[in-house]
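What follows is a set of notes on a single structure, which appears directly below.
The following block contains the structure:
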């Protein structure tokens, strides 16, 4: 029980808006509500120059067929030449990010073609960009770029026009990537005047100005405080239900073991595992999944596997 409560306290620390960085979900969501900021993030992440950018309508949330999992993306936009960009901020090393991008690609491609449409030429070039506040592959690279290539002929591209970029704030290969990318990745971990180099790309400077406006906005701060209160109440209720469920499961496991120590250990594991899962779901605003996890054991097992808890 004590370990569970400590875990809850660690996960529930409130951060003032002014101390947030772009790696924090709330600030990233607010900042990327501005299309110009999205354009800057895409350009600095990819090295591309875009004439203009527009929202990819209807693709913030993509629903799958009934009964199957859908997705909610941080932001999706389309350039004037038809390239589609999905950008995700990932501040924790959890879940299977490579397979998540595979799933995202599938659900993003599906709506591009109408029912009965012949051929696949209308599938647009797709960039999936995941900005990680950790090193996803442990090779100390700031950027890992993936494209499908022929195993027997490595210089032969598959030609599916899908590019996946995993950016890492923990890279150490500054001499192999652009200064603009390094400055950007540093800034997202320290999104204030201290994280902005004296000499930097003008686009990064404009992004910083936008971030400062957000942090000093009274209306944004009020909305943040309201959101925090709502999340706290939902989390407390979910954790309380989770602890009750964990105790019940622990007692059942203990009976099967037939030993007092088995009962106590089962209870502890059940509490921590379920509470951990519910907190992860809460941070991703997946309240429906939280409720279903408490009611459906098989669904809960799938979520345990998804989050690796």
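Numbering (our numbering), first residue to last: 2 to 310.
A virtual CB, placed ideally from N, CA and C, is assigned to each residue, including glycine.
If we ignore side chains and look at the alpha-carbon of each, how far apart do residue i and residue j end up?
{"i": "residue 197", "j": "residue 190", "result": "11 Å"}
{"i": "residue 38", "j": "residue 228", "result": "23 Å"}
{"i": "residue 181", "j": "residue 169", "result": "14 Å"}
{"i": "residue 282", "j": "residue 30", "result": "17 Å"}
{"i": "residue 298", "j": "residue 276", "result": "15 Å"}
{"i": "residue 111", "j": "residue 194", "result": "42 Å"}
{"i": "residue 43", "j": "residue 34", "result": "14 Å"}
{"i": "residue 146", "j": "residue 51", "result": "19 Å"}
{"i": "residue 308", "j": "residue 47", "result": "29 Å"}
{"i": "residue 72", "j": "residue 225", "result": "23 Å"}
{"i": "residue 291", "j": "residue 161", "result": "37 Å"}
{"i": "residue 16", "j": "residue 302", "result": "32 Å"}
{"i": "residue 117", "j": "residue 148", "result": "29 Å"}
{"i": "residue 230", "j": "residue 119", "result": "50 Å"}
{"i": "residue 159", "j": "residue 294", "result": "40 Å"}
{"i": "residue 287", "j": "residue 154", "result": "43 Å"}
{"i": "residue 289", "j": "residue 49", "result": "38 Å"}
{"i": "residue 115", "j": "residue 26", "result": "34 Å"}
{"i": "residue 186", "j": "residue 70", "result": "31 Å"}
{"i": "residue 219", "j": "residue 36", "result": "21 Å"}
With a CB to CB cut of under 6 Å and the five nearest residues on each side skipped, what residues in its chain are close to residue i?
{"i": "residue 183", "result": "175"}
{"i": "residue 89", "result": "75 and 131"}
{"i": "residue 41", "result": "204 and 208"}
{"i": "residue 91", "result": "131 and 133"}
{"i": "residue 104", "result": "none"}
{"i": "residue 21", "result": "28"}
{"i": "residue 94", "result": "135"}
{"i": "residue 222", "result": "18"}
What is the C-beta distance between residue i and residue j, in whole angstroms, given that I count them as a contact (C-beta under 8 Å)?
{"i": "residue 136", "j": "residue 96", "result": "Contact doesn't hold; Cβ gap of about 16 Å is too wide."}
{"i": "residue 55", "j": "residue 216", "result": "27 Å between Cβ atoms; not a contact."}
{"i": "residue 133", "j": "residue 166", "result": "Going by Cβ atoms, the distance from residue 133 to residue 166 rounds to 10 Å, so no, they are not a contact pair."}
{"i": "residue 28", "j": "residue 192", "result": "7 Å"}
{"i": "residue 128", "j": "residue 164", "result": "5 Å"}
{"i": "residue 300", "j": "residue 278", "result": "Contact flag wrong, Cβ pair sits at about 11 Å."}
{"i": "residue 32", "j": "residue 23", "result": "6 Å"}
{"i": "residue 82", "j": "residue 109", "result": "At roughly 17 Å, the Cβ-Cβ gap does not stay under 8 Å, so residue 82 and residue 109 are not in contact."}
Excluding the five sequence neighbours on either side, which residues of its own chain have a C-beta within less than 7 Å of the C-beta of residue i, listed in chain order?
{"i": "residue 113", "result": "123, 124 and 125"}
{"i": "residue 57", "result": "77, 78, 79 and 85"}
{"i": "residue 178", "result": "143 and 144"}
{"i": "residue 98", "result": "91, 131 and 137"}
Below 8 Å CB to CB, which residues in the same chain sit around residue i once its five sequence neighbours on both sides are set aside?
{"i": "residue 107", "result": "none"}
{"i": "residue 156", "result": "150"}
Hey, which unbroken runs of the beta strand (DSSP E) at 3 residues or more fall wholly within the stretch 67-140? If we require 3 residues or more, the beta strand (DSSP E) runs fully inside the stretch 67-140 come out as 76-80, 85-91 and 127-133.
Contact between the stretch 201-209 and the stretch 137-150: three or more CB pairs below 8 Å? Taking 8 Å as the limit for Cβ pairs, the verdict is that the stretch 137-150 does not touch the stretch 201-209.
To test your reading of the DSSP string, which unbroken beta strand (DSSP E) runs of 3 or more residues are found completely within the stretch 162-204? Fully enclosed beta strand (DSSP E) runs of no fewer than 3 residues occupy 163-169 of the stretch 162-204, in order along the chain.
In chain order, which continuous runs of the alpha helix (DSSP H) of length 4 or greater are located wholly inside the stretch 21-65? Segments of the alpha helix (DSSP H) lying fully in the stretch 21-65: 26-32 and 36-47.
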